[in-house]
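Residue numbers (our numbering): 72 to 168.
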């Protein structure tokens with residue numbers, strides 16, 4: 072009976088050692104996975120920040136382009152007024168001579 076008990080005890084010790092090894096492997100795997108998730112989250116946050124800044128830059132560029140378009144329209148209107156004024160001056164000069 073002692074041999075059987077010794078064998079059972081050895082088997083139990085082996086199983087306990089094997090379970091601890093498996094548990095340690097699972098813990099290590101979980102820790103590595105957690106680190107990868109943290110790094111992915113960090114990269115995701117940085118990417119989002121870059122995207123937000125890019126969108127802000129695009130908005131600023133759009134506003135600049137709209138102002139340029141409005142200013143160009145104003146310049147065109149001023150040129151038309153100036154052209155009319157020059158024509159009026161030419162008419163007055165021709166009639167005086």
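Where is the CB? At the ideal position from N, CA and C, for every residue including glycine.
Alpha carbon to alpha carbon, what distance is there between residue 156 and residue 163?
Here residue 163 refers to the residue found at position 92 of the chain shown. Here residue 156 refers to the residue found at position 85 of the chain shown. Approximately 11 Å between the Cα atoms of the pair.
Measuring straight from C-alpha to C-alpha, what distance separates residue 109 and residue 117?
Position 38 of the chain shown holds residue 109. Position 46 of the chain shown holds residue 117. Those two C-alpha atoms are separated by around 12 Å.
Here's a check: name, in chain order, each residue in its chain whose Cβ is nearer than 7 Å to the Cβ of residue 160, leaving out the five neighbours to either side.
Walking along the chain shown from the start, residue 160 turns up at place 89. So the list is empty, once near-sequence residues are dropped.
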